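2 protein chains.
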Amino acid sequence: MAKAFGQPTDSNRLLSSLSPALRSLLEPHLHLTRFERQSVLQYPQETIGCVVFPVGCIGSMVAVGNDDRRIEVGLFGFEGMSGASVVMGVDTSPLEVFIQVAGDGYAIDTDVFRKLLRQHDELAAHFTRYIHCLNIQTTQTALSNGQAKLEERLARWLLMCHDRVPGDRISLTHEFLSVMLGVRRAGVTVGTHLLEGKGLIRAERGIISVLDREGLEKEARGSYGVAEKEYLRLFGKDRIER
Amino acid sequence: MAKAFGQPTDSNRLLSSLSPALRSLLEPHLHLTRFERQSVLQYPQETIGCVVFPVGCIGSMVAVGNDDRRIEVGLFGFEGMSGASVVMGVDTSPLEVFIQVAGDGYAIDTDVFRKLLRQHDELAAHFTRYIHCLNIQTTQTALSNGQAKLEERLARWLLMCHDRVPGDRISLTHEFLSVMLGVRRAGVTVGTHLLEGKGLIRAERGIISVLDREGLEKEARGSYGVAEKEYLRLFGKDRIER
DNA sequence: CCCTCTCCGTGCGATACTGTACCAAGGGGA
DNA sequence: TCCCCTTGGTACAGTATCGCACGGAGAGGG
């Protein structure tokens, strides 16, 4: 089975699925920017300075609690955007958003973006539908966190990441994964071995390669796929590219 | 410490915090209806027929997965509404929404509601801000499911329910709670004993009474409160009531 | 009053995952 | 080449929760 959103391209799918008229409203204000790993797009409860439409990078949204409790609640790449709260008409969020995989993205100033959203209902409606998909992703994360075993959550996460990255090699450490999933680093090691034992992935130092997507999806036992299907339903057919 | 949204009244706070002009747009279309326990407002992937603004009832949003996996991802009472997806411009959702505590609510036909949202930006913006709060609630649920112990999740849930119910007595069974939290029924029994042992609640057959809110909040270790604070920030001061 | 049904309390072994700790293997820089 | 730092593998005891199962207590109807 192929990646959920097709192969990543050098454009952002949320932008390219806009009608030309709407896209031309945004284009003058988009700045193609390189985002390095670990750079933070939003700090909890701080004003959101800009909104990012990734093309090559991947962003991660993390809920933070008391005493170092943190867990990833969602992630987005070339199919999505940061700054869900801005689309919702609010200028802060309790989430932390940071770059998990370095790459390019189109940035737009929050104030400019908000103004355009207010002036053009169709534009707002478009991004609002995306936020709907993102919300579904979060609900699936909640389900997964509550009911799935470590390997299942691991499989889900790898699939989501694989969808948003070119090729089959995902560059990450067990340590990083453990923070995202909110589990022990050693637990991730054991989990990857399990998936590797079934021939679904191959693990090298700092890299996990996806060998068998379909197998991973089976392994995820239904915790993967719902949000992706909804996205395809709503944004499936790109309007004329370029 | 008092309930997060103040005492429940015989009105819906989301409606009463609208400006009179906007409220008058909705009022002709609102039908005060009695909702019984267990009645379903939305089935997964089925068209959403109406949107409900509870006054006395409480609704529960549940994510459903493979083989009986289900878990509550959010809940709403007189401070909120059902049909988040409708506000987002989509007419289905993968969630199941049902009535958890019987009571009255204002129902409005989805098509009528959607039409009003499209025609009046301010109206849409108002409800969109609420959905933002609901999303935060879901992210906190994801955090809680992933990192909190049973008692903590239990404390969080009781607080959220307490906020939306008049008085301090919550009518529910361990069985029900176990389904909501996605844990064993027997686990809930043990958990309630633990909270009861600390003097935070009192459990009778089919009823849990909240004795010490502040204690419960401490027990929840930060998994309660974020979404509630955001709601108060955005909807804190009611506009002129009536 | 008894029967029945719902709800709650408890026990027991099994399992998933934790916290901690230590070591080994890659890999880049001096 | 040596060193050091990052990353990954493994172990072990401890804890949270599970699945299952059984018994008992409340409560309402006949």
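Sequences listed follow chains A and B, in order. Take the first sequence: its letters are residues 1 to 242, numbered as in full-length UniProt numbering. Take the second sequence: its letters are residues 1 to 242, numbered as in full-length UniProt numbering. Cβ coordinates follow ideal geometry from the N, Cα and C atoms, glycine included. Keep in mind it's a predicted model, so treat the numbers as computed, not measured.
Roughly how many angstroms separate the alpha carbons of Gln119 of chain A and Leu25 of chain A, rounded to a whole number? Sequence index remark: in the first sequence, residue 119 of chain A carries index 119 (1-based). Sequence index remark: in the first sequence, residue 25 of chain A carries index 25 (1-based). Gln119 of chain A and Leu25 of chain A have their C-alpha atoms spaced approximately 10 Å apart.
Give the residues of chain B in contact with Ile71 of chain A, contact being defined as C-beta atoms less than 7 Å apart. Mapped onto the first sequence, residue 71 of chain A falls at position 71. What Ile71 of chain A touches in chain B: Ala142, Leu143, Gly146 and Gln147.
Partner residues on chain B for Met88 of chain A, Cβ-Cβ distance less than 7 Å: What you label residue 88 of chain A is simply residue 88 of the first sequence in a count that begins at 1. Neighbourhood of Met88 of chain A in chain B, by CB distance below 7 Å: Thr128, Arg129, Ile131 and His132, in chain order.
Could you name the residues of chain B that Ile48 of chain A contacts, counting a contact when the two beta carbons are closer than 8 Å? As a first step, residue 48 of chain A is located in the first sequence; it is residue number 48 there, counting from the start. Correct list: empty, because the minimum Cβ distance to chain B is about 12 Å.
Could you tell me the distance, in whole angstroms, from the CA atom of Arg202 of chain B to the CA atom of Glu196 of chain B? Position 202 of the second sequence, counted from the start, is the residue given in the question as residue 202 of chain B. Position 196 of the second sequence, counted from the start, is the residue given in the question as residue 196 of chain B. Whole-angstrom Cα-Cα distance: 6 Å.
Please name the residue in A:Ser16, A:Gln140 and A:Ser93 whose C-alpha comes closest to that of Arg129 of chain B. In the second sequence, residue 129 of chain B corresponds to position 129, counting from 1. Residue nearest to Arg129 of chain B within the set A:Ser16, A:Gln140 and A:Ser93 is A:Ser93 (criterion: CA-CA distance).
Is DSSP giving Gly59 of chain A helix, strand or coil here? What you label residue 59 of chain A is simply residue 59 of the first sequence in a count that begins at 1. Gly59 of chain A falls in the strand class under three-state DSSP.
Determine the burial state of Gly80 of chain B: buried for a count of at least 16 other Cβ atoms within 10 Å of its Cβ, exposed for fewer. Within the second sequence, residue 80 of chain B is the residue found at index 80, counting from 1. Label assigned to Gly80 of chain B: buried.
Where do the N-terminal and C-terminal ends of the alpha helix (DSSP H) with Arg233 of chain B fall, by residue? To locate residue 233 of chain B, count along the second sequence from 1; it is residue 233. Segment Val226 to Phe235, the alpha helix (DSSP H) holding Arg233 of chain B.
Beta-carbon spacing of Glu36 of chain A, Ala102 of chain A below 7 Å: For the purposes of this step, residue 36 of chain A is identified with residue 36 of the first sequence, where counting begins at 1. For the purposes of this step, residue 102 of chain A is identified with residue 102 of the first sequence, where counting begins at 1. Going by C-beta atoms, Glu36 of chain A is nearer than 7 Å to Ala102 of chain A.
Distance check for Asp163 of chain A and Gln100 of chain A, CA to CA, integer angstroms please. As a first step, residue 100 of chain A is located in the first sequence; it is residue number 100 there, counting from the start. As a first step, residue 163 of chain A is located in the first sequence; it is residue number 163 there, counting from the start. Whole-angstrom Cα-Cα distance: 14 Å.
Applying the 10 Å Cβ sphere with the 16-neighbour rule, what's the burial state of Ser82 of chain A? As a first step, residue 82 of chain A must be located in the first sequence, where it is residue number 82. Burial call: buried.
Min CB distance Pro44 of chain B to chain A below 7 Å: Looking up residue 44 of chain B in the second sequence gives position 44. Taking Cβ atoms only, chain A never reaches closer than 7 Å to Pro44 of chain B, which makes this a no.
Take the Cβ of Arg239 of chain A as the centre, count every other Cβ of all protein chains shown within 10 Å, and call the residue buried at 16 or more, exposed below. The residue given as residue 239 of chain A occupies position 239 in the first sequence. At Arg239 of chain A, the pLDDT of 43 sits below 50, so the modelled position is not reliable; the number obtained from the coordinates is stated separately. Arg239 of chain A should be labelled exposed.
Mark Ser223 of chain A as exposed unless 16 or more other C-beta atoms lie within 10 angstroms of its C-beta, in which case mark it buried. Translated into the one-based positions of the first sequence, residue 223 of chain A becomes position 223. By the C-beta density criterion, Ser223 of chain A is buried, having at least 16 other C-beta atoms within 10 angstroms.
Indicate the three-state DSSP secondary structure (helix, strand or coil) for Pro28 of chain A in the structure shown. Counting from one through the first sequence, the residue named residue 28 of chain A turns up at place 28. Correct three-state label for Pro28 of chain A: helix.
If we ignore side chains and look at the alpha-carbon of each, how far apart do Val165 of chain B and Ser19 of chain A end up? The residue given as residue 165 of chain B occupies position 165 in the second sequence. The residue given as residue 19 of chain A occupies position 19 in the first sequence. Their Cα atoms are separated by approximately 46 Å.
Three-pair Cβ contact test at 8 Å for the region 176 to 195 of chain A versus the region 110 to 125 of chain A: In short, these stretches do not touch, since the Cβ pair count stays below three.
Using a Cβ-Cβ distance cut-off of 7 Å, determine whether Arg221 of chain A contacts chain B. Along the first sequence, read from residue 1 onward, the residue named residue 221 of chain A stands at position 221. Interface annotation, Arg221 of chain A: in contact with chain B, CB-CB separation under 7 Å.
Closest Cα partner of Gln45 of chain A within the set A:Ser171, A:Ala63, A:Ile58 and A:Gly215: Counting from one through the first sequence, the residue named residue 45 of chain A turns up at place 45. Per the Cα distances, A:Ala63.
Find the nearest neighbour of Gln42 of chain A within the set A:Leu200, A:Lys218 and A:Asp91, judged by alpha-carbon distance. If you number the first sequence from 1, residue 42 of chain A lands on position 42. Here the closest residue by C-alpha is A:Asp91.
Could you check what DSSP says for Ala220 of chain B in three-state terms: helix, strand or coil? Position 220 of the second sequence, counted from the start, is the residue given in the question as residue 220 of chain B. In the three-state DSSP reduction, Ala220 of chain B falls in the coil class, being neither helix nor strand.
Which residues DSSP lists as bridging Cys50 of chain B, in chain order: Reading the second sequence from its first residue, position 50 is the one you call residue 50 of chain B. Under DSSP, Cys50 of chain B shares a beta bridge with B:Asp109.
How many Å lie between Glu241 of chain A and Tyr231 of chain A at the Cα? As a first step, residue 241 of chain A must be located in the first sequence, where it is residue number 241. As a first step, residue 231 of chain A must be located in the first sequence, where it is residue number 231. Note on Glu241 of chain A: pLDDT 38, under 50, position unreliable in the model; the coordinate value appears next. If you take the alpha carbons of Glu241 of chain A and Tyr231 of chain A, they lie about 18 Å apart.
Length at least 4, wholly inside the region 112 to 160 of chain B: the alpha helix (DSSP H) runs in chain order: Those alpha helix (DSSP H) runs which fall completely within the region 112 to 160 of chain B and span 4+ residues are 121 to 147.
Contact criterion: CB-CB distance below 7 Å. Does Pro94 of chain A meet it with respect to chain B? Walking along the first sequence from the start, residue 94 of chain A turns up at place 94. Interface residue, yes.
Candidates A:Val226, A:Ser16, A:Gln38 and A:Asp104, of which the one nearest Leu134 of chain A by Cα: By 1-based counting over the first sequence, the position of residue 134 of chain A is 134. Closest in alpha carbon position to Leu134 of chain A, among A:Val226, A:Ser16, A:Gln38 and A:Asp104, is A:Val226.
Rounded to a whole number of angstroms, what is the C-alpha to C-alpha distance between Cys161 of chain A and Glu204 of chain B? Numbered from 1 along the first sequence, position 161 holds the residue referred to as residue 161 of chain A. Numbered from 1 along the second sequence, position 204 holds the residue referred to as residue 204 of chain B. Approximately 47 Å, taken between the alpha carbons.
Anyone know if the C-beta pair for Arg185 of chain B and His174 of chain B falls short of 7 Å? If you number the second sequence from 1, residue 185 of chain B lands on position 185. If you number the second sequence from 1, residue 174 of chain B lands on position 174. Using a Cβ distance threshold of 7 Å, Arg185 of chain B and His174 of chain B count as a contacting pair.
Please list the terminal residues of the continuous alpha helix (DSSP H) segment that includes Ala186 of chain B. For this step, residue 186 of chain B is matched to residue 186 along the second sequence. Where Ala186 of chain B is concerned, the enclosing alpha helix (DSSP H) stretches over Arg185 to Gly197.
Taking only the alpha-carbon atoms, compute the straight-line gap between His31 of chain A and Gly105 of chain A and give it to the nearest angstrom. Translated into positions along the first sequence, residue 31 of chain A becomes position 31. Translated into positions along the first sequence, residue 105 of chain A becomes position 105. Gly105 of chain A has its alpha-carbon roughly 8 Å from the corresponding atom of His31 of chain A.
Close beta carbons around residue 308 of chain A, own chain, < 7 Å, minus the five adjacent residues each side: Absent from the structure is residue 308 of chain A, since the part of chain A shown begins at 1 and ends at 242.
Output the distance between the C-alpha atoms of Gly77 of chain B and Leu15 of chain B, rounded to the nearest integer angstrom. Taking the first residue of the second sequence as 1, we reach residue 77 of chain B at position 77. Taking the first residue of the second sequence as 1, we reach residue 15 of chain B at position 15. So the alpha carbons of these two residues sit roughly 12 Å apart.
Residues that DSSP places opposite Leu95 of chain B in a beta bridge: Translated into positions along the second sequence, residue 95 of chain B becomes position 95. BP columns for Leu95 of chain B point to B:Ala63.
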